[in-house]
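Right, one structure below, let's go through it.
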Amino acid sequence: MVRSESPNDSSPQLAKKYGITKPISLAGPAEADLHRNMELDKFLIDSGLYESKEEAERRKEVLDRIDQIVKVWVKQLTRKKGYTDQMVEDANAVIFTFGSYRLGVHGPGADIDTLCVGPSYVNRDEDFFVVLHNILAGMEEVTELQPVPDAHVPVMKFKFLGISIDLLYASVSLLVVPEDLDISHGSVLYNVDEQTVRSLNGCRVADQILKLVPNVEHFRMTLRCLKFWAKMRGVYSNVTGFLGGVNWALLVARVCQLYPNAIPSMLVARFFRVYTQWRWPNPVMLCSIEENELGFPVWHPRKNPRDRLHHMPIITPAYPCMNSSYNVSGSTLRVMVEQFHHGHRICEDIELNKAQWSTLFEPYLFFEAYKNYLQVDVIAANTDDMLAWKGWVESRFRQLTLKIERDTDGMLQCHPCPNEYVDMSKPCSHCAFFMGLQRKEGVRGQEGQQFDIRGTVDEFRQEINMYMFWKPGMDIFVSHVRRKQLPAFVFPDGYKRSRLSRHTSLQAEKTCEDVVECRSAFKERHPKRKNDPTMMDAEPSNPNKRVSIRLGCLTTGDVDINSDVRSCGKQLGSEEEGIKQNHVQNGETVVDYSVSRAGQTFVSNNLPEVRDEVLLTDGVEKPSPMKELLASYELPNAVTEEAYQIGLNGDKVGVAFM
1 MVRSESPNDS SPQLAKKYGI TKPISLAGPA EADLHRNMEL DKFLIDSGLY ESKEEAERRK
61 EVLDRIDQIV KVWVKQLTRK KGYTDQMVED ANAVIFTFGS YRLGVHGPGA DIDTLCVGPS
121 YVNRDEDFFV VLHNILAGME EVTELQPVPD AHVPVMKFKF LGISIDLLYA SVSLLVVPED
181 LDISHGSVLY NVDEQTVRSL NGCRVADQIL KLVPNVEHFR MTLRCLKFWA KMRGVYSNVT
241 GFLGGVNWAL LVARVCQLYP NAIPSMLVAR FFRVYTQWRW PNPVMLCSIE ENELGFPVWH
301 PRKNPRDRLH HMPIITPAYP CMNSSYNVSG STLRVMVEQF HHGHRICEDI ELNKAQWSTL
361 FEPYLFFEAY KNYLQVDVIA ANTDDMLAWK GWVESRFRQL TLKIERDTDG MLQCHPCPNE
421 YVDMSKPCSH CAFFMGLQRK EGVRGQEGQQ FDIRGTVDEF RQEINMYMFW KPGMDIFVSH
481 VRRKQLPAFV FPDGYKRSRL SRHTSLQAEK TCEDVVECRS AFKERHPKRK NDPTMMDAEP
541 SNPNKRVSIR LGCLTTGDVD INSDVRSCGK QLGSEEEGIK QNHVQNGETV VDYSVSRAGQ
601 TFVSNNLPEV RDEVLLTDGV EKPSPMKELL ASYELPNAVT EEAYQIGLNG DKVGVAFM
């Protein structure tokens, strides 16, 4: 039996206090709010955010099938380990769900986050990732099986009858796991390691969220709406440094607590109102942080210095309380706050009947927002290798953002795109990730100021190449492209490439051809990677060898943001005071910034244009047959119309200004 039930009482309970502070407002909906709510509901349905009854039934069948598989697996292991016949008969494992499925906000085609809870003698490393993995690998219903044992939360990813499953495992300190096990009780955490705690807490957090909101159905519709908005605006991705499903759920739940009688159309508008005014890094919390005799570390910035470095703390409500958004960086926080302001302005227009709900969900035009981009091409010899290699590169992509912030003292701002793009014309498996770059706005710079990130990119590539499951054919290339040089495959309808834009991914294209033709030579040229995890953050062993990449200059105001990222600066009156009071009652210091508000930088249009330059080229190793390029290519100068020859042998490197 799969345990995925959740509270479904949708009636408000005003006698009960929700959250750690008083509500900002107890007001309910007016007639206009009810009308807007109907329009919002219709928009979500028309947008295809709800799965069909047939798909819902198929999900239940798949979960029941997985539940049967793990029960048989545990009984087989119990017999194999020499336990008595009675123990074999009583042996059991239980499947729980968490994430969007548990919260009731999953959509068509969404994966199902599942947790298998087994007895103490069934371990994760051997029994789960080897024995159960082999069982699943031999089943026709299972495809794309990918174990990730070294993840922060170890997981086995696969598709079962076409439905994506993320399966975790937790071994609890019980010889027999009862079918009605209550994992919300703290006793399940006795004598377990931190990986097991993290695995269990996915379900425990989801249950707590549903218990801590005033109206579950209002919460669900609001969360479904905000998740869709975040995906359309490019800020839905935990791995990239934005926010994932649980983060958005916690943010929405807090707004539900602050406006307990509001309906979804009101809650969406209040969401943007609250978080445009929120003074990060003050934490978002649904309940008080409790400490326990079990002694697991909890989020506590006064005790733990590392917790003070978090940019956007969103604290989980189940013990041990942790910051669920530790991946957020200064750059990604800036992008999200800009999008909160954009959403707030649109919601104001909707309330004034100046805009429709569809306006709020217009996609963010990432490739029209910046003049300069980093392109990370990822290639592999085949689809299976690509699946693993791409996942590794994507998991480290956030580190490139952090390293650029670190090495430029925050003066070079990054906007990683959470989407991947595929060039189907390449002869091998390929995908590409992109990052927008701009000089920090509102700060005066010196004429001709340079940002040298050659070592930064080299360090990033060094870490990527430490992948313990590396195979011949796996490679990455980091290159600079300007907006007009973006490859056609990033646009839905494509466009005619200019002559120069073909060089954007020439290096990766050449390598794709060589993967097919020179695989044996490639293997000889690439020694086996070291499997030492301590080497992940090591400095490049040879700083004189640089990747042959060239990034042109960045100019103040490079980002073509129009009105999307301007701070509205509108006062919220009593509601703003309520938000500020919420910070104070959290017991945290209210952080104020002298030149920003809620992390939103105000831009002066009177600043002089400064021509800056980011360098990504230095002396490079002689290209191997796998990475050989043309002798040089031309990079035009947008100001002087001159062209500089950029050699690949390290003899001479041209400098180009915008």
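By full-length UniProt numbering, the letter at position 570 of the sequence shown is numbered 570, and the numbering carries on one by one without gaps.
The C-beta atom is built at its ideal place from N, Cα and C for all residues, glycine as well.
By the beta-carbon neighbour count (other beta carbons within 10 angstroms, threshold 16), residue 48 is exposed. Within the DSSP bridge table, the entry for residue 482 names 372 as partners. By the 16-neighbour rule on beta-carbons within 10 angstroms, residue 377 is buried.
In this chain, the beta strand (DSSP E) harbouring residue 416 covers 412-416. Within its own chain, the residues whose Cβ lies closer than 6 Å to the Cβ of residue 440, once the five positions on either side in sequence are excluded, are 411, 413, listed in chain order.
The DSSP-derived three-state label of residue 266 is helix.
The DSSP assignment places complete alpha helix (DSSP H) segments of no fewer than 4 residues inside the UniProt domain "Poly(A) polymerase central" (218-362) at 245-258, 264-277, 330-351, 357-360, in order along the chain.
In this chain, residue 185 is not harboured by any beta strand (DSSP E), its DSSP state being neither H nor E. Setting aside the 5 residues that flank it on each side, residue 383 is surrounded in the same chain by 429, each with a C-beta closer than 6 Å to its C-beta; the list follows chain order.
For residue 114, the enclosing beta strand (DSSP E) stretches over residues 112-118. Rounded to the nearest angstrom, the gap between the Cα atoms of residue 161 and residue 141 is 5 Å. Note that the segment 467-483 touches the segment 368-377; at least 3 beta-carbon pairs, one per stretch, sit closer than 8 Å. For residue 452, the closest alpha carbon among the candidates 253, 407, 418, 82 is that of 407. Under the three-state reduction of DSSP, residue 425 is assigned to coil, being neither helix nor strand. In the DSSP assignment, residue 464 falls within the unbroken alpha helix (DSSP H) covering 454-464. Between residue 206 and residue 98, the C-beta gap is smaller than 8 Å, which places the two residues in contact. Straight-line measurement puts the Cα of residue 29 at about 15 Å from the Cα of residue 255. Scanning its chain for C-beta atoms nearer than 8 Å, with the 5 sequence neighbours on each side dropped, one finds around residue 350 the residues 36, 269, 356, 357, 359, 360, in chain order. Per DSSP, reduced to three states, the secondary structure at residue 17 is coil, with no helix or strand assignment.
For the pair residue 194 and residue 390, the Cα-to-Cα distance works out to about 27 Å.
Judged by DSSP secondary structure, residue 175 falls outside any beta strand (DSSP E); it is assigned neither H nor E. By the criterion of a C-beta distance shorter than 7 Å, residue 234 is surrounded in its chain by 364, 366, 417, 418, once the five residues flanking it on both sides are discounted. Only residues of its own chain outside the window of five on either side were considered, and among them 367 have a CB closer than 8 Å to the CB of residue 491, listed in chain order. Residue 152 and residue 198 do touch by the CB rule: their CB atoms are close to 7 Å apart, below 8 Å.
Assigned with DSSP and collapsed to three states, residue 155 falls in strand. Beta-bridge analysis with DSSP links residue 210 to no other residue. The continuous alpha helix (DSSP H) containing residue 45 extends over residues 31-46. Under the DSSP assignment, residue 70 falls outside any beta strand (DSSP E), being part of the alpha helix (DSSP H) whose first and last residues are 53-80. Note: residue 380 is bridge-paired with 429 in the DSSP secondary-structure output.
If you check the CB distance, residue 221 and residue 33 do not come in under 8 Å.
In the three-state DSSP reduction, residue 139 falls in the coil class, being neither helix nor strand. Take the alpha-carbon of residue 478 and the one of residue 159: they are about 32 Å apart. The beta carbon of residue 229 sits closer than 7 Å to the beta carbons of 343, 360, 361 from its chain, once the five residues preceding and following it are set aside; these are given in chain order.
If you draw a straight line from the Cα of residue 421 to the Cα of residue 433, it is about 7 Å long. Contact between the segment 288-297 and the segment 309-325 is present: three or more C-beta pairs spanning the two stretches fall below 8 Å.
For residue 88, the enclosing alpha helix (DSSP H) begins and ends at 85-90.
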